[in-house]
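In full-length UniProt numbering, the protein residues as written are 1 to 919. Glycine residues also receive a C-beta, built at the ideal position from the N, C-alpha and C atoms. Nothing here was measured: the structure is a model prediction, and the numbers come from that model. Report on the following structure.
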């Protein structure tokens, strides 16, 4: 017999062994129904965080639980490789592309850096025990994948969902590129807030609207938290149904919204504030005012976007710097003026502020407003503001020519909303979250002004801006070149090569694709192209909850645009990792827990068990104390397995298994309980309820096994003849239990399960991961006289007896269970049920004697229990202790050959052995 299972988790399988094992699993699974789990982000960043561990290990739970359930569960891990993070990192290493290094060299260095980071991450994921095609992951920078991303762009263009537009988009002045909604997050920002007066160019026209006769100067007032946008102010927007008032102040006659007049008054300080008249906003349309520091005429427009949430009810309108501003100005024929460079500085033609940066210009603008006598108030405001989720820097809105996937042009938004309802969202709130996001989703800006990215491989007409009429053919020509040379091929192509005589009429697009487009089309570039996957749509996409705005959404939009259906049947979302105080883990806060540290000190299975034991649907709390408690739970499961294995010493399943009809009642009960639990665990795995799996397995080890069954069978295991039916019966039960349990835990405690597998007696396959659920556990019958309800009653009685004995031990009346004689007093039916066990009842209570009496005979000192109609009394046995079984029995010393042994043990030593029927 092999040695007993050691205390600690084994060393990790070597990388080549894990990959080889996964390939064997795939080979034997080829004929099974497929269950495809499609991978998504993270970016190629070699730093491995706890969030990465959560993501990959949850995927591994699904892969392995589907495999043990009899499915072919292929998993191709992947990385998004292009984009800003890598480009910025390489810039710090070799300089900016086009400045210190040529563009092709820069892209090649980005590729090398990404490969290096991928290898670092891959090593960590394999150490976690995650199974997948690690020898052949998908990378969005693979030449074939880059080519297929370009093909996907061509298909979306052909489907009519693509358009080029000049409109405001989120712009990163740090990255020098447009961003999509998916790349925006909101953080608090302290901004300068201003109330600014726009003087009236025609006072009489203003007073006519308010039906007053005044000779004083008049102005309309705006409130802004973005002073840097004032140089681009081209109009004023009011709400047509909003009531505006004309008030007399120390600053002259001012126009503000009636509902906001009091809050405006509080900002400009003490002084007269007399309301002279009021009128509706629609009456103000067309009035002309003067820009606060330029010689620029500013008209009043009617805008639906004007609200009364804050400010003055008048919105200074800069079509370059706001989507609503752009829309209302477009309606009135007011065009943009493009005042900013890509890096956030004002162009040379911007009067007063040329060359200044939008982040730093506020003080200068305040100074200019004061000099012009139009600054009514200035202060600071902390508010939620759009930031780039990668650089963590504030964003601006900037109107630029960009490529968009239209949400409304060809009905993409409605198709997406319809598709969402057909998908299973885990947890269910994911559906509401993505529905809200898609419903409010503007056109998706997919163009970026970057160097390291898949090109938007279009030729557009120099005069009309239209795509070449043979775009589909040209896309395929470009894709074939990219397959051989990568994305550098696009920038090497001269238009004449593909367009011939038309080349002078067209120009190449130099923008790159949003990286969310890269990952968004992996349903086509990877899912449909990888032989081991070969199934569309995927059974499940799994990522963090932030991906409702990212990968889940970009995949949904592109798939519907290309195929008319969603790319996934199910979407599972997990939360973020936070510390015990509720703070998101980060390097800057110093509260992070490195996965490698956990694996080095506690083992990978502790990390995996923590994830299983945590509700992933919300934020997941981790700390050293929580991991320590997880290690304690792990030891309970491991030690239970060790007990089962160590007590299978000398057991050979081929010859020693006891048949169902010959099993003792207690053994048949535990096997029925195990079978029931297996069905529950299978259901929990199917519903991705890994917390339930952990709880069920842990409770089984603590309660049914550790707290009841294993305690009782120790006497049989250690005192009966090795070949006796009683001993082989409990060994049969333990054998079936460990066979079943090792399969339950293998998706979660992978290393431990693999190790357990090598210690189970009998012929077996090379690995637990080549197995499916243990079907023989389902074959055992129920004893009609001692069914599950009966044994649950016995469990309750045993617990009640233990409680009374523990109290007696504390009082010094007995030294332990086997020194005790227990008397139970109960009604006739209760007594009849307990009496079914006969003499074996004492083995269940683990006492030397157990007697059952009518409830009416209960003495005064009998202890009432939590069970109705049951009282118990305890006293110490007066008999000698058997040195072999430790029971105190009357017949100890009555056998000359064994003077210190009880009669039962003598029979087990020299005779045919005792007979057990029940326990």
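Item: Quick one: measure Cβ to Cβ for residue 800 and residue 872, integer angstroms, because I've assumed they're closer than 8 Å.; Value: 6 Å
Item: Once you ignore the five residues that flank residue 329 on each side, which residues in its own chain have a CB closer than 7 Å to its CB?; Value: 234, 235, 317, 319
Item: Could you check what DSSP says for residue 242 in three-state terms: helix, strand or coil?; Value: coil
Item: Considering residue 472, what are the terminal residues of the alpha helix (DSSP H) in which it resides?; Value: 471-485
Item: Pull the bridge partners of residue 873 from the DSSP assignment, please.; Value: 823
Item: Take every Cβ of the segment 455-472, pair it with every Cβ of the segment 156-175, and state whether three or more of those distances are shorter than 8 Å.; Value: yes
Item: Do the segment 56-65 and the segment 134-150 make contact, defined as three or more Cβ pairs closer than 8 Å?; Value: no
Item: On the three-state DSSP scale, how would you describe residue 425?; Value: strand
Item: Can you name, in chain order, every residue of its own chain whose Cβ lies under 7 Å from the Cβ of residue 796, other than the five neighbours on each side?; Value: 867
Item: Return helix, strand or coil for residue 248, following the three-state DSSP convention.; Value: strand
Item: Within its chain, find whatever has a CB closer than 7 Å to the CB of residue 644; leave out the 5 residues flanking it on each side and keep chain order.; Value: 734, 737, 738
Item: Let me know the alpha helix (DSSP H) ranges lying completely inside the segment 130-160, each 4 residues or longer, listed in chain order.; Value: 143-158
Item: Just verifying my parser: in three-state terms, what is the DSSP assignment at residue 445?; Value: strand
Item: Based on the DSSP output, what are the partners of residue 849 in its beta bridges?; Value: 821
Item: Would you say residue 869 lies against chain D (beta-carbon separation less than 8 Å)?; Value: Of the protein chains in this structure there is only one, and it is not chain D.
Item: Please report the distance separating the alpha-carbon of residue 210 from that of residue 216.; Value: 14 Å
Item: In whole angstroms, what separates the C-alpha of residue 333 from that of residue 308?; Value: 26 Å
Item: Using C-beta distances below 7 Å, list every residue in its chain close to residue 922, excluding the 5 sequence neighbours before and after it, in chain order.; Value: Outside the shown range of the chain (1 to 919) lies residue 922, about which nothing can therefore be said.
Item: Taking only three categories from DSSP, how would you classify residue 71?; Value: coil
Item: Would the C-beta of residue 709 count as close to the ligand COA, meaning under 7 Å from any of its heavy atoms?; Value: Here there are no bound small molecules, and the ligand COA is not part of this structure.
Item: Quick one, which of 769, 826, 382 has its alpha-carbon nearest residue 21's?; Value: 769
Item: Report the option in 53, 34, 360, 599 whose CA atom is closest to the CA atom of residue 576.; Value: 53
Item: Tell me the DSSP secondary structure of residue 688 in three-state form.; Value: coil
Item: Return the first residue and the last residue of the beta strand (DSSP E) that residue 574 is part of.; Value: 568-574
Item: Taking the alpha carbon of residue 142 as the reference point, which residue from 79, 840, 193 has its own alpha carbon closest?; Value: 79
Item: Which runs of the alpha helix (DSSP H) at least 4 residues long sit entirely within the segment 339-386? Give them in chain order.; Value: 362-371
Item: Quick check on the DSSP output: the alpha helix (DSSP H) that includes residue 228 runs from which residue to which?; Value: Neither: residue 228 is in no alpha helix (DSSP H) and is coded neither H nor E.
Item: Below 8 Å on the Cβ atoms is my guess for residue 284 versus residue 175; work out the distance and round it to an integer in Å.; Value: In fact, because the Cβ distance is near 40 Å, the residues do not count as touching under 8 Å.
Item: Identify every run of the alpha helix (DSSP H) within the segment 777-839, keeping only runs that are complete inside it and at least 4 residues long; order them along the chain.; Value: 788-810, 828-835
Item: Helix, strand or coil for residue 216 per DSSP?; Value: coil
Item: Measure the C-alpha to C-alpha separation of residue 815 and residue 855 and round it to an integer number of angstroms.; Value: 27 Å
Item: Give me, in chain order, the residues of the same chain whose beta-carbon lies closer than 6 Å to that of residue 2; leave out the 5 immediate sequence neighbours on both sides.; Value: Residue placement at residue 2 is poorly supported in this model, since its pLDDT is 47, which falls under 50; the coordinates are not used for a value here.
Item: One question on the structure: do residue 442 and residue 323 come within less than 8 Å of each other, judged by their Cβ atoms?; Value: yes
Item: Assuming residue 326 and residue 167 form a contact by the criterion Cβ under 8 Å, report the distance between their Cβ atoms to the nearest whole angstrom.; Value: 5 Å
Item: I need the DSSP call for residue 894, collapsed to helix, strand or coil.; Value: coil
Item: Quick one: give me the first and last residue of the beta strand (DSSP E) that residue 168 is part of.; Value: 162-172
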